[in-house]
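Numbering (my numbering), first residue to last: 680 to 1343.
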């Protein structure tokens, strides 16, 4: 079943990697770094293209994306000409200098993670054509159909689908591009996008960040790859709860943006070139990140806070050693830090959802919240048996290398605190200030914990490996596995060594798949199950929607209760609903129909509204709603007894009526 769509998955991988890859190569990134940066840069390209398209009066699609990618790659070639001078120019930058052994180790870690996550994602989704049976699926699936029909996937125009304002449409543009490139149906395109984000974007980003911090040590990088595929909180949780597809995209490219920030800040091994090309790469990645979802941009900003504190500490110490004058302190330290502080405050207080959208409350005690956070098992997920102990090892290691890695422990402390606040603190202004950025929603913050966990695993294994090597006098058997040093012994020894390493890797993979990940796959799969009692779209309802092209004219507007999933007639049945999301704006004519369809034979104003909206068809999926409420409009109740409508198609309890009281 899934093998039949493998060619489309591969096409999607190419479409979502190649634009960014040509830009990263133009910027003179090499090897694994060029490949791993590509997804984040591609998202930036897609976002820029989709935003500019309406202003240029062109349809969003593959050709405009290619044109923008080529234009940015030419800009990258120009920027890469400017090289720094002085000692930094000769330093080692792990993002810019090729290292074959480190590249292969990072690629191996990414392949392991990608393979495992591809399998888990497929098991969670179930069928290639399955849909998420959740509240937000209505908007996300319909938005892809809307973008395909209109040729517009801009954050500035997508809100027109529901008569709303601007909307962060990065994911919607990416999924639309996949649908265009593969020719897939909307559900299939969405599922393919999820696979690529989980199995390609996320592993590459995690390994890029790990490599930028620990260098090219194989054991640490392979461990990071296994850890990236061993946590239920991300990426699988974002395909389960919500459904939060935009967060899935944004967090998938977050590691690359963090890696670029750490490299530009000089917090990676060796000296780092602070040149124009690196700055452009970071800016393009952040452009994609903020439009994918602003809350994840705020997570990136949270990551940078310990980086800036570390830089301030080190810069102040260096200036004191040089006995610099006060003017040097102001120009090199005080002014940049003041600018950062002002920008941080402005963004933190303004770049957040409205208060009415941040209604989520706590669900547990503070001690339990602390336990869930530090064991990377948030929101009731089972303990991550492999990752949790290695996270503690990584925290210990951060304080063994003097100041260089303390900032990583600080990041862990920050996100742990944020999760404790959102899930354990009572509702208050303080809670709103700290976690309102993420809608006061524990799931969104929980999904941010795995990234720091993966990095801590890499740091812990790297530190342990270096300690073992020091104790063993850099033994030949451990040198290659832990340090990447080319010390080859006899063939027999090499064979035993290879077998031992393989056994350890396989055991780690097996252990990592237990606990929270296994539970999340099981829980998430329930939200994609198509059955007679599915909460959003049942088997009967789907069959009826598939017949809509034969029973309803193309330009007709369907009247329905969107809470029942009937609004998905647009994405699944190619016929537009009056409301394309659960809480869409409705015109006065449609509101009149909702309120008074029961009086259609006696109230002439109802027929006037029907004619004005061209709304002669009613899709009735009964009383079952996605969240178990009752939002059936008064005019749509008891349609079977309404003499002004006629049943023209049905499948089980799903029914399609035509308004006959108002003529044609």
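Cβ coordinates follow ideal geometry from the N, Cα and C atoms, glycine included.
- Of the other Cβ atoms in all chains shown, 16 or more fall within 10 Å of the Cβ of residue 1334; this residue is therefore buried.
- DSSP places residue 1219 within a helical segment (H, G or I) once states are collapsed to three.
- With a minimum length of 3 residues, there is no unbroken run of beta strand (DSSP E) contained wholly in the region 719–762.
- Relative to the Cα of residue 1058, the nearest Cα in the group 913, 966, 1278, 741 belongs to 913.
- The C-alpha of residue 828 is placed about 45 Å away from the C-alpha of residue 1048.
- The three-state reading of DSSP puts residue 1107 in coil, since its state is none of H, G, I, E or B.
- DSSP places residue 1337 within a strand segment (E or B) once states are collapsed to three.
- In the structure shown, residue 922 falls within a coil segment according to DSSP collapsed to helix, strand and coil.
- Counting only the Cα atoms, residue 1039 lies some 23 Å from residue 1241.
- Separation of residue 1228 and residue 1239 (C-alpha to C-alpha, rounded to the nearest whole angstrom) is 17 Å.
- According to the DSSP assignment, residue 1297 belongs to the beta strand (DSSP E) that extends over 1296–1299.
- C-alpha of residue 715 to C-alpha of residue 692: approximately 13 Å in a straight line.
- Distances from the CA of residue 684 to each of 872, 698, 734 were compared; the closest alpha carbon is that of 872.
- With respect to the C-alpha of residue 939, the residue from 957, 926, 923 having the closest C-alpha is 957.
- Annotated as distal: residue 929 and residue 795, with beta-carbon spacing of 8 Å or more.
- Taking 8 Å as the cut-off, the Cβ atoms of residue 922 and residue 968 do not count as close.
- Contact annotation: the region 965–982 touches the region 1022–1035, with at least three C-beta pairs closer than 8 Å.
- Rounded to the nearest whole angstrom, the C-alpha separation of residue 966 and residue 752 is 16 Å.
- In the displayed model, residue 1043 falls within coil according to three-state DSSP, outside both helix and strand.
- One thing to note: residue 858 has its Cβ within 8 Å of the Cβ of residue 868.
- Following the DSSP letters along the chain, one finds residue 857 inside the alpha helix (DSSP H) bounded by residues 849–861.
- Annotation: residue 849 to residue 1302 spans about 34 Å, alpha carbon to alpha carbon.
- The beta carbon of residue 895 is closer than 7 Å to those of 778, 780, 781, 784, 1163 in its chain, skipping five residues each way along the sequence.
- Residue 1329 carries a strand assignment under DSSP once its states are collapsed to helix, strand and coil.
- Per DSSP, the unbroken alpha helix (DSSP H) holding residue 968 starts and ends at 955–971.
- Taking 8 Å as the cut-off, the beta carbon of residue 831 is found closer than this to the beta carbon of residue 739.
- Residue range 897–907 is occupied by the alpha helix (DSSP H) that includes residue 905.
- Under a 10 Å Cβ-count criterion, residue 1106 is classified as exposed, with fewer than 16 other Cβ atoms of the shown protein chains found around its own Cβ.
- Between the alpha carbons of residue 1123 and residue 1221 lies a gap of roughly 30 Å.
- Distance check between residue 1023 and each of 1051, 996, 992, 985 places 985 closest, using alpha-carbon atoms only.
- The Cβ atoms of residue 823 and residue 865 sit closer than 8 Å to each other.
- Relative to the Cα of residue 1305, the nearest Cα in the group 1212, 856, 1016 belongs to 1212.
- Considered as a whole, the region 1072–1107 harbours no complete run of any beta strand (DSSP E) with no fewer than 3 residues.
- In chain order, 758, 761 place their CB closer than 7 Å to the CB of residue 955, counting only its own chain and leaving out the 5 sequence neighbours on each side.
- Secondary structure at residue 1147: helix, using DSSP grouped into helix, strand and coil.
- The residue from 1231, 1265, 1096, 1274 with its alpha-carbon nearest to that of residue 1254 is 1231.
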